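Its first residue numbered 3, the sequence shown is counted upward by one per residue in my numbering.
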Amino acid sequence: MPKYVLNLIRILICAALAVASGSAALANEPYRLRIVGGLANGNQYPAYEVPFWTKELARLSKGRYVADIVPFDRSGVPGSEMLRLMELGVVPFGTVLMTTLVAQYPQYTAADLPGLNPDMASLRAALAAFRPYLEKSLREEHGIEPLAIYVYPAQVLFCRQALARLADIKGRRVRVSSAGQADFIGALGGIPVHTGFAQIYQSLESGSTDCAVTGTMSGYTLGLYRVTQYLYPLSLNWGMAVFGANQTAWQALPEDLRALLRSGLSKLEAQIWLASEHDSVEGVACNSGGPQCPDDDKKGHMTVVPISPQDEDLRRKIFESVVLRNWLQRCRTDCADVWGQTIGPMSGINVSPSP
Numbered sequence: 003m004p005k006y007v008l009n010l011i012r013i014l015i016c017a018a019l020a021v022a023s024g025s026a027a028l029a030n031e032p033y034r035l036r037i038v039g040g041l042a043n044g045n046q047y048p049a050y051e052v053p054f055w056t057k058e059l060a061r062l063s064k065g066r067y068v069a070d071i072v073p074f075d076r077s078g079v080p081g082s083e084m085l086r087l088m089e090l091g092v093v094p095f096g097t098v099l100m101t102t103l104v105a106q107y108p109q110y111t112a113a114d115l116p117g118l119n120p121d122m123a124s125l126r127a128a129l130a131a132f133r134p135y136l137e138k139s140l141r142e143e144h145g146i147e148p149l150a151i152y153v154y155p156a157q158v159l160f161c162r163q164a165l166a167r168l169a170d171i172k173g174r175r176v177r178v179s180s181a182g183q184a185d186f187i188g189a190l191g192g193i194p195v196h197t198g199f200a201q202i203y204q205s206l207e208s209g210s211t212d213c214a215v216t217g218t219m220s221g222y223t224l225g226l227y228r229v230t231q232y233l234y235p236l237s238l239n240w241g242m243a244v245f246g247a248n249q250t251a252w253q254a255l256p257e258d259l260r261a262l263l264r265s266g267l268s269k270l271e272a273q274i275w276l277a278s279e280h281d282s283v284e285g286v287a288c289n290s291g292g293p294q295c296p297d298d299d300k301k302g303h304m305t306v307v308p309i310s311p312q313d314e315d316l317r318r319k320i321f322e323s324v325v326l327r328n329w330l331q332r333c334r335t336d337c338a339d340v341w342g343q344t345i346g347p348m349s350g351i352n353v354s355p356s357p
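Here's what the structure looks like:
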């Protein structure tokens, strides 16, 4: 898009925000933000994002600032277009799911590649190493001010037929949600099937798929324990999202609102990470009928398959030999250098630098 068009869009955004702010002041009404949040299903959006934007923001600002929020998957914005629309300012404040960036910007997905982080501690370490690069790139290359990074519960395997180890996936049709998950399942001899979240239950119930990779708690919310019998709790990956603002829209906000949002969103991010770790464990319990599940009236009876040391070794081997290699091949930027400067030293996994 020509530079003059981008500049015109930025001018229009500033003008619109200024008019809105001035009108609100004249009418003695609060300054109102419009937010595109995370995924509607699951626990994060209704339990944490909605209360923050619709209640906590007004409380913290004593009613001066309020917000409306819609979930990402009900906003009418295609996932693959969210980053671009935020860059243009069409969506001033939005949430980008990292899995939607695999095709255009695979370099931004490095911290949550399938097979890299078997637990929350390793995910935290990977993100800590990668975050400075990610935030700098979003600011300088896309004009987006990153304000929070959210994480979803562990992505695990739900299967209809019995399995005792990862190798038993061979020959089965497995629902996946990203190219990285497809790489991992394919390396096991499975047949990756890209299926939307809303279609998981029907696909398993009809036999179109044999297994599904999805979150422990979101799988429980969908009722997958009714159509699958075996849960393999190895965390393939987690699912991450960046909440940010178009920089022009961000700079147009009152200074005290920017300070309030930075503080409040930092706390919200911490709450969501703790909740995702808790939900990862509770999701397994609720699908299998464990005592840690608080919902006594709606428990599953799935068999939780123990994770063997051999499968832990296999996970790492597949990550290094297949998932990481394919990620490097998909990258349009110098991802070998990006890896070497961020996650590589932390993980102890080195790759050959680009020639």
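Each residue gets a CB set at the ideal place from its N, CA and C atoms; glycine is no exception.
In this text, all values refer to a predicted model and were calculated from it rather than measured experimentally.
- Message: According to DSSP, simplified to helix, strand and coil, what is residue 122?
- Response: In the structure shown, residue 122 sits in a helix (DSSP, three-state: H, G or I).
- Message: Since residue 178 and residue 187 should fall inside the 8 Å C-beta cutoff, what is the C-beta to C-beta distance between them, to a whole number of angstroms?
- Response: With a contact defined as Cβ atoms closer than 8 Å, residue 178 and residue 187 qualify at about 6 Å.
- By Cβ distance, which residues of its chain are closer than 6 Å to residue 150, with the 5 residues on each side in sequence left out? Only 245, 267 and 271 meet the Cβ criterion.
- For residue 191, is the classification buried or exposed, using 16 other Cβ atoms within 10 angstroms of its Cβ as the cut-off for buried? By the C-beta density criterion, residue 191 is exposed, having fewer than 16 other C-beta atoms within 10 angstroms.
- Message: Quick check: the stretch 117 to 136 against the stretch 319 to 331, are at least 3 beta-carbon pairs closer than 8 Å?
- Response: Judged by pairs of C-beta atoms under 8 Å, the stretch 319 to 331 touches the stretch 117 to 136, as three or more such pairs exist.
- Message: Distance check for residue 31 and residue 125, CA to CA, integer angstroms please.
- Response: Each residue's Cα considered, the two are about 42 Å apart.
- Message: So, with DSSP's three-state summary, where would you put residue 303?
- Response: Coil at residue 303, not helix or strand.
- Item | Best match in 81, 76, 94 and 77 for proximity to residue 251 [C-alpha to C-alpha] | Nearest Cα to residue 251 within the set 81, 76, 94 and 77: 94.
- If you drop the 5 nearest sequence neighbours on each side, which residues of the same chain put their C-beta closer than 8 Å to that of residue 89? In chain order, 144, 145, 146 and 248 place their CB closer than 8 Å to the CB of residue 89, counting only its own chain and leaving out the 5 sequence neighbours on each side.
- Message: Here's a check: name, in chain order, each residue in its chain whose Cβ is nearer than 6 Å to the Cβ of residue 218, leaving out the five neighbours to either side.
- Response: In chain order, 155, 156, 158, 282, 285 and 286 place their CB closer than 6 Å to the CB of residue 218, counting only its own chain and leaving out the 5 sequence neighbours on each side.
- Message: Based on DSSP bridge pairs, tell me the residues matched to residue 288.
- Response: Beta-bridge pairing links residue 288 to no other residue.
- Item | Inter-residue CB distance, residue 345 and residue 131 (contact presumed, cutoff 8 Å) | Separation of the CB atoms of residue 345 and residue 131 is rounded to 5 Å, and the pair is thereby assigned contact status at 8 Å.
- Would you mind stating whether residue 197 and residue 205 have Cβ atoms separated by less than 8 Å? With contacts defined by Cβ atoms closer than 8 Å, residue 197 and residue 205 form a contacting pair.
- Taking the alpha-carbon positions, what's the residue 231 to residue 50 distance? Going by the C-alpha atoms only, they are around 31 Å apart.
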